[in-house]
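Residue numbers (the numbering used here), protein chains in the order written: chain A, 5 to 404; chain B, 5 to 404.
To start, the structure itself, in structure tokens.
Protein chains: 2
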Amino acid sequence: MIQVAVLGYGTVGSGVVEVIEKNKKEINKKSGEELNVKYILDLREFPGDPYENKVVHDVEMILRDPEIKIICETMGGINPAYDFTKRALLSGKSVCTSNKELVAAHGPELIRIAHANQCNYLFEASVGGGIPIIRPLNYSLTAEKIDAITGILNGTTNYILSKMEREGADFETVLKEAQEKGYAERNPEADVEGYDACRKIAILSSLMTGKNVNYEDIYTEGITKITATDFVYAKEMNKTVKLLAQSKEVDGKFYAMVSPFMIGKDHPLAMVNDVFNAVFVHGNMLGDSMYYGRGAGKLPTASAVVSDVVDCARHIGKVIMCFWDDETVKLTGIDEASRKFFVRVAAEKEKEAIAVFGSMAVVEADVAGEFAFVTDAMTEKEFNEKAEKVGIISRIRIEE
Amino acid sequence: MIQVAVLGYGTVGSGVVEVIEKNKKEINKKSGEELNVKYILDLREFPGDPYENKVVHDVEMILRDPEIKIICETMGGINPAYDFTKRALLSGKSVCTSNKELVAAHGPELIRIAHANQCNYLFEASVGGGIPIIRPLNYSLTAEKIDAITGILNGTTNYILSKMEREGADFETVLKEAQEKGYAERNPEADVEGYDACRKIAILSSLMTGKNVNYEDIYTEGITKITATDFVYAKEMNKTVKLLAQSKEVDGKFYAMVSPFMIGKDHPLAMVNDVFNAVFVHGNMLGDSMYYGRGAGKLPTASAVVSDVVDCARHIGKVIMCFWDDETVKLTGIDEASRKFFVRVAAEKEKEAIAVFGSMAVVEADVAGEFAFVTDAMTEKEFNEKAEKVGIISRIRIEE
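Shown next as structure tokens:
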């Protein structure tokens with residue numbers, strides 16, 4: 005029997021306990037041995053909970069118990085998760101986590117410590133919730149040179165954008181509704197400003213390069229400026245607006261960014277709606293592949309944590325392949341990235357816009373007092389200079 | 005250095021050699037050791053080929069060489085691939101294959117022999133070409149009870165159906181064009197009659213159940229009867245027609261079938277067009293997830309074979325988890341499966357159809373001399389009885 009501890013009995017943590025119990029037949033078969041949740045760490049008491057007798061308040065009981073081989077860290081945040089994880093790994097206990105903040109901030113160090121102590125630090129649940137993406141990148145696409153990853157990695161913003169498109173509603177209205185339904189936090193900043201997606205693409209980019217992509221180096225723009233009018237234009241162009249997190253290697257240069265993009269309705273990512281997430285991966289042999297599913301939620305996320313537990317159970321005392329070095333990847337500033345832009349200007353600026361931007365595709369839509377167009381491909385720097393000269397209402401990047 | 009042999013220097017086999025050469029940096033890193041292709045088995049000579057000096061004509065050279073640890077079987081067909089594979093595994097050499105016929109026919113036996121000899125029989129490339137699906141099922145969705153798999157598993161038929169939809173063309177016309185372009189074989193039976201998809205869903209169903217689903221037990225219907233008129237109706241209903249291969253567990257009963265289905269344009273599988281494939285998986289915790297990519301082609305398929313080689317290289321002398329027992333799964337006949345049907349009858353049979361089928365949704369379209377409708381959900385048996393009573397033009401199953 006393999007003894008497991010769960011740190012944090014919140015949404016994901018309680019999901020982990022539930023998944024291990026509900027699917028124990030399948031899980032024990034795949035683990036090769038029976039799994040047992042011995043402790044649940046939480047500051048709170050849970051009177052009446054079926055697992056209340058497993059709840060402990062002192063992490064030392066877990067860290068000092070030699071029986072515990074695998075720990076699920078479902079606390080979130082950097083502290084004290086970082087300290088607990090490090091100590092667990094130093095004592096040879098594998099850690100499986102859904103904590104994207106911690107993985108993005110300290111991934112390579114924690115992996116190095118794990119491997120030095122013949123155990124593992126796994127984080128399938130930290131990106132894309134229940135969608136298998138970390139393991140496919142690490143174990144399946146091993147014959148590929150992966151040169152681009154583009155993902156819809158945040159369920160809250162995707163829910164908001166899908167609803168704005170469907171109902172023609174404005175951002176503020178939909179956000180409020182999402183908050184009422186519990187799809188968005190009361191403080192929605194981490195989601196709507198793109199910070200959550202930024203950490204996730206940092207993790208994926210690091211696995212793509214095998215080195216460390218620092219999330220603080222990634223240009224990040226949220227969806228707060230997207231309006232109902234943008235969707236009116238998008239519809240005319242047979243496009244939609246999605247918050248994309250992307251990472252690309254072009255001629256040895258690495259680019260990474262999080263930003264709203266207009267994408268064609270025939271792009272596979274365009275059909276990823278509501279709380280679903282998807283990751284689009286380009287490899288030099290395979291071409292495009294995509295991984296789609298529920299990017300959040302108690303049971304999907306818990307299922308991913310437990311899949312890591314199974315992997316750890318099958319590799320007690322052995323290191324599971326994961327290449328993520330400390331060496332930092334130098335990202336090329338997005339100023340040099342080249343693409344088309346969708347631009348809105350006041351109607352009276354039509355002539356000036358044409359003079360400054362030159363060749364363009366005008367977008368006709370039923371919007372009064374505006375002139376809208378798509379530029380030719382140009383660098384961000386070039387675009388910003390022209391946009392400043394004209395004075396625009398707004399712009400959205402175009403992904404082709 | 006790990007020595008590898010490739011059996012069959014055709015499209016996939018030459019792709020394997022190309023992938024190992026082109027991406028050697030990535031592949032050797034992930035393998036943990038350098039891979040070297042020592043032999044290529046083929047009956048033909050390849051004068052001028054950069055690897056011509058590796059080509060051998062006698063399989064004994066490979067099977068008796070103790071240096072060879074991993075064999076890629078890219079010959080296809082049952083004989084002599086079955087014999088070669090068995091002998092390789094018996095001597096402890098792992099085999100990686102793209103041969104769906106062999107895997108569907110002898111999978112559990114070959115896996116058993118491999119494991120008994122501390123080596124592996126891997127077949128990622130046998131389903132979905134380059135799409136990682138076998139490994140996600142075996143290693144990633146380990147915390148799930150998977151109860152349904154639905155796939156677009158054949159590129160040729162998907163290309164034909166996509167083109168029929170887009171151009172309003174008839175099956176025969178598009179098939180001929182596909183043959184001219186090399187997207188369909190001169191003898192297209194294995195694809196258009198659904199036999200290829202049948203073998204693939206048999207493999208996926210076996211992994212879903214952990215037991216053996218015999219491909220000969222799977223009800224299989226091809227796309228030869230689908231017409232341009234069907235797509236006229238489909239469009240009116242905001243649906244499309246796809247050849248789906250599916251496997252479901254409902255209340256302890258297993259169903260599997262291959263058949264054209266009408267699906268809604270908002271279903272994620274509806275956007276899988278041309279030669280792309282996708283596998284939709286439902287688990288009891290995760291809900292829906294989908295894996296999408298190129299289901300065929302030289303380099304994508306070869307990439308999947310090489311990902312198996314990497315897996316074998318990392319597990320020399322060790323068994324990689326794969327549950328696929330000899331025990332045969334008893335499939336429930338599709339007579340008992342219940343669903344809605346899209347039905348076309350001659351205009352003069354309208355009253356009779358209404359009398360026999362009762363409640364229905366009439367489909368209006370610009371088609372002369374016909375009456376078309378969607379039935380309520382009913383079993384196949386019930387449907388067939390009613391259809392025979394009325395005398396219908398055609399019917400297409402509906403997937404919801």
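Glycine is no exception: its CB is placed at the ideal position from the N, C-alpha and C atoms.
Keep in mind the model is a prediction, meaning the values are calculated, not measured.
With a floor of 4 residues, list each alpha helix (DSSP H) that falls wholly inside the stretch 297-337 of chain B, ordered by position along the chain.
For the stretch 297-337 of chain B, whole alpha helix (DSSP H) runs of length 4 or above, ordered along the chain, are 302-318.
Runs of 4 residues minimum, wholly inside the stretch 96-127 of chain B: which ones carry the alpha helix (DSSP H) assignment?
If we require 4 residues or more, the alpha helix (DSSP H) runs fully inside the stretch 96-127 of chain B come out as 104-120.
Are any of the Cβ atoms in chain D nearer than 7 Å to that of Ile156/B?
Protein chains in the displayed structure are A and B, and chain D is not among them.
Runs of alpha helix (DSSP H) lying entirely within the stretch 350-392 of chain B, each at least 4 residues, in chain order
Within the stretch 350-392 of chain B, the complete alpha helix (DSSP H) runs of at least 4 residues are 354-361.
Euclidean distance between Cα positions of Asn142/B and Tyr86/A:
If you draw a straight line from the Cα of Asn142/B to the Cα of Tyr86/A, it comes to about 31 Å.
Where do the N-terminal and C-terminal ends of the beta strand (DSSP E) with Lys29/A fall, by residue?
Element bounds for Lys29/A: not the beta strand (DSSP E) but the alpha helix (DSSP H), Lys28 to Ser35.
Within chain B, partners of Pro264/A - CB distance below 9 Å:
Here the premise fails: no neighbours, minimum Cβ distance about 21 Å.
For Asp234/A, report the span of its alpha helix (DSSP H) as first-last.
Segment Ala232 to Glu240, the alpha helix (DSSP H) holding Asp234/A.
What alpha helix (DSSP H) runs, 4 residues minimum, are completely inside the stretch 138-191 of chain A?
As for any alpha helix (DSSP H) of minimum length 4 sitting wholly inside the stretch 138-191 of chain A, the runs are 159-171 and 175-185, ordered along the chain.
Interface flag, Tyr125/A vs chain B, CB-CB below 7 Å:
No, no contact with chain B.
Of the residues Phe280/A, Thr89/A, Met289/A and Pro140/A, the one placed nearest Lys73/A, counting alpha carbons only
Ranked by Cα distance from Lys73/A, the first of Phe280/A, Thr89/A, Met289/A and Pro140/A is Thr89/A.
Whose CA, out of Met275/A, Leu39/A, Val16/A and Val21/A, lies closest to the CA of Met5/A?
Measuring from the Cα of Met5/A, the nearest candidate turns out to be Leu39/A.
Return the residues of the stretch 311-333 of chain A that lie within a Cβ-Cβ distance of less than 8 Å from chain B, sorted by chain order.
Of all residues in the stretch 311-333 of chain A, only Ser311, Val313, Val314, Asp315, Arg318, Met325 and Phe327 come within less than 8 Å of chain B when Cβ atoms are compared, listed by chain position.
Three Cβ pairs or more, each shorter than 8 Å: is that satisfied between the stretch 391-402 of chain A and the stretch 342-359 of chain A?
Judged by Cβ distances under 8 Å, the stretch 391-402 of chain A makes contact with the stretch 342-359 of chain A, as three or more pairs qualify.
At 7 Å on the CB atoms, spell out the chain A contacts of Ile135/B, in chain order.
Chain A residues near Ile135/B: Ser293.
For Arg139/A, does the count of other Cβ atoms within 10 angstroms reach 16, so buried, or fall short, so exposed?
By the 10 Å Cβ count, Arg139/A comes out buried.
Rounded to the nearest angstrom, what separates Lys167/B and Glu22/A at their Cα positions?
Each residue's Cα considered, the two are about 46 Å apart.
If the cut is a Cβ gap below 9 Å, which residues of chain A does Val8/B touch?
Result: empty, since nearest Cβ-Cβ is about 12 Å, beyond 9 Å.
Are the Cβ atoms of Ile31/A and Ala182/B separated by less than 7 Å?
In this structure, Ala182/B does not lie closer than 7 Å to Ile31/A by Cβ.
At a CB-CB cut-off below 7 Å, which residues of chain A make contact with Val23/B?
For Val23/B, the neighbours in chain A by C-beta distance under 7 Å run, in chain order, Ala147 and Met289.
Using a Cβ cut-off of 7 Å (strictly closer), state whether Ser95/B contacts chain A.
So, not an interface residue.
Any contact between the stretch 282-297 of chain A and the stretch 259-266 of chain A? By contact I mean 3 or more CB pairs, one from each, below 8 Å.
They do not touch, by the three-pair rule.
When Cβ atoms are compared, which residues of the stretch 274-286 of chain B fall closer than 7 Å to chain A?
Listed in chain order, the positions of the stretch 274-286 of chain B with a beta carbon within less than 7 Å of a beta carbon of chain A are Met275.
Closer than 6 Å by C-beta to Leu335/A: which residues in its own chain qualify, once you throw out the five before and the five after it? Chain order, please.
Only Asp221, Phe258 and Ala260 meet the Cβ criterion.
The alpha helix (DSSP H) spanning Ile66/A covers which residue range?
That run of the alpha helix (DSSP H) goes Val63 to Leu67.
His119/A to Asp330/A span [Cα, whole Å]:
Separation of His119/A and Asp330/A (C-alpha to C-alpha, rounded to the nearest whole angstrom) is 14 Å.
Given Asp53/A as reference, the closest of Ser18/A, Lys29/A, Lys42/A and Thr78/A once Cα atoms are compared
Of Ser18/A, Lys29/A, Lys42/A and Thr78/A, the residue nearest in Cα terms is Ser18/A.
DSSP three-state assignment for Leu397/B, whether helix, strand or coil
Reading off the sequence shown, one finds Ile at residue 397/B, where the question assumed Leu. Here DSSP, grouped into helix, strand and coil, assigns Ile397/B to coil.
CA-CA distance, Cys123/A and Ser98/A?
About 5 Å.
Pull out every residue of the stretch 29-63 of chain B whose Cβ sits closer than 9 Å to any Cβ of chain A, in chain order.
If the cut-off is 9 Å between Cβ atoms, the stretch 29-63 of chain B has Lys29, Glu30, Ile31, Lys33, Lys34, Ser35 and Gly36 near chain A.
Who are the neighbours of Pro272/B on chain A, taking C-beta pairs under 7 Å?
What Pro272/B touches in chain A, judged by beta-carbon distance under 7 Å, is Met275 and Tyr296, going in chain order.
To the nearest whole angstrom, what separates the beta carbons of Gln7/A and Lys42/A, a pair I think is in contact under 8 Å?
In this structure, Gln7/A and Lys42/A form a Cβ contact; the two beta carbons are roughly 4 Å apart against a cut-off of 8 Å.
Would the stretch 168-182 of chain B count as touching the stretch 130-137 of chain B if we require 3 or more Cβ pairs under 8 Å?
At 8 Å Cβ cutoff, the stretches do not touch.
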